[in-house]
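Student: Count the sequence shown with this note's numbering and you get residues 28 to 157, in order.
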Amino acid sequence: LDIFPAAEIFILGERGQGIRAMFLLDSGATTSILPIGDADALDIKINQNAKMVVRGFSGEETFGYKQTVAIVLNGMQFRIPIIFVDAMVPRVLGRDGVFTKFAIIFDESARRTGFFSAPREKKIINSIFS
28 LDIFPAAEIF ILGERGQGIR AMFLLDSGAT TSILPIGDAD ALDIKINQNA KMVVRGFSGE
88 ETFGYKQTVA IVLNGMQFRI PIIFVDAMVP RVLGRDGVFT KFAIIFDESA RRTGFFSAPR
148 EKKIINSIFS
């Protein structure tokens with residue numbers, strides 16, 4: 028599977044286990060999504076009261092369940108909202124809980140993505156936009 032821009036993320040499960048997976052970065056997605064099978068692999072109990080309609084860019088509707096999940100990205104552990112979708116979907120990293128923590132650079136020619144969180148790194152990036 029060839030995805031870019033992408034990020035490798037470790038998703039923590041309920042009992043200390045987890046899975047490492049590649050996510051497509053999507054600045055157009057508000058909330059991150061995972062296939063519902065990942066909830067089983069992580070031993071996360073789906074909250075049936077959190078059921079919601081999910082629409083992708085095609086407009087097709089499916090159902091999902093919003094949960095808060097701990098992840099590790101770029102050496103930082105934090106919690107983000109994720110919707111477990113009851114359909115065949117790619118793992119997508121949306122903005123909520125993630126994009127505000129990092130300055131993100133896409134290097135299209137080398138097909139790599141950089142997440143910068145240190146104050147010094149952010150200062151350099153901010154100087155480019157000044």
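Don't be surprised by glycine CBs; every beta carbon is placed ideally from N, CA and C. Here the structure is a predicted model, which means the values were calculated and not measured.
Let me know the secondary structure DSSP gives SER59 once reduced to three states.
Tutor: The count along the sequence shown starts at 1 and reaches residue 59 at position 32. SER59 falls in the strand class under three-state DSSP.
Student: In whole angstroms, give me the CA-to-CA distance for GLN104 and ASP65.
Tutor: In the sequence shown, counting from the first residue as 1, residue 104 sits at position 77. In the sequence shown, counting from the first residue as 1, residue 65 sits at position 38. Roughly 19 Å separates the two Cα atoms.
Student: Hey, how far is the Cα of PHE156 from the Cα of LYS149?
Tutor: Residue mapping note: residue 156 aligns to position 129 of the sequence shown, counting from 1. Residue mapping note: residue 149 aligns to position 122 of the sequence shown, counting from 1. The alpha-carbon atoms of PHE156 and LYS149 are separated by roughly 11 Å.
Student: Would you list the one or two residues that DSSP bridges to GLU88?
Tutor: The sequence position of residue 88 within the sequence shown is 61, counting from 1. ARG82, per the DSSP bridge assignment.
Student: Find the nearest neighbour of THR95 within the set ASP123, GLY102, GLU88, judged by alpha-carbon distance.
Tutor: Counting from 1 along the sequence shown, the entry for residue 95 is found at position 68. When each option's Cα is compared against that of THR95, the closest is ASP123.
Student: Please classify PRO146: does DSSP put it in a helix, a strand, or coil?
Tutor: Counting from one through the sequence shown, the residue named residue 146 turns up at place 119. Correct three-state label for PRO146: helix.
Student: Between ILE132 and the rest of its own chain, which residues show a CB-CB distance below 6 Å, the 5 nearest in sequence each way excluded?
Tutor: Along the sequence shown, read from residue 1 onward, the residue named residue 132 stands at position 105. Cβ neighbours of ILE132 beyond the five flanking positions: GLY141.
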